[in-house]
Amino acid sequence: MKRTIFGIVGFFALLLASSAFTQRVTAPAVGYMAPALSVGNDDSEDAASLSALRGSYVILSFWNSSQADSRLAMNQYQHWFDSRLSSSAEQKIAMIGVNLDSNARMFEEIVKRDRLDRANQYNLVGEKAAFVVENFQLSDKVKSFLIDPEGRIIAVNPTPEQLSKI
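Residues in the sequence shown are numbered consecutively from 2, following this note's numbering.
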């Protein structure tokens, strides 16, 4: 009888531990370390990486030209970021916008049309885009993350108001 109870308790403990592990693998969430990310345009030297930005807060926004919600969010983050830089350049905050369009010309046109800062916008296609989509578990609803100076996710899809509080 004791063996059976011990077996059942052990099974549930194992099940609980594996479900916690599965949650981490399937979706980066608040409290978890952000997956590694390094982006650049056309293999140029203007690459950005989360590891190089350690010590700063990072707004990481994934967007797609055909998704109005993600474009609107990217515009809000860009406006918030620009207003912060003009008021206090001392703040340790960076922004990376990652566009997942397969059409580079569309990306360039949207960056111009929406008046996004080209210095912090990157377009990923093919295997690079697939790798990022898998690591950040992006789906139809493209996400944004606020990452703290240690590389930990502290907000998912933060609002400009939430950003201001931090």
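Every residue, glycine too, gets a C-beta built ideally from N, C-alpha and C. Bear in mind the structure is a predicted one, so any value in this text is a computation, not a measurement.
Residue state for Arg153 is assigned as strand, using DSSP reduced to three classes. Checking the DSSP bridge columns, you'll see Tyr123 partnered with Val99. Contact annotation: Val99 and Phe63 have beta-carbon atoms nearer than 8 Å. Cα atoms of Ile155 and Ala49: separation of roughly 20 Å, rounded to the nearest angstrom. Burial of Leu54 is indicated by the presence of at least 16 other C-beta atoms within 10 angstroms of its C-beta. It is roughly 17 Å from the alpha-carbon of Ser67 to the alpha-carbon of Gln77. Under a 10 Å Cβ-count criterion, Gln122 is classified as buried, with 16 or more other Cβ atoms of the shown protein chains found around its own Cβ. For Phe63, the enclosing beta strand (DSSP E) covers residues 58-64.
Membership of Ile111 in the alpha helix (DSSP H) is indicated by the continuous run 105-114. Between the alpha carbons of Lys129 and Ser103 lies a gap of roughly 11 Å. Of the residues Gly56, Val126, Arg153, Leu147, the one whose Cα lies closest to the Cα of Met75 is Leu147.
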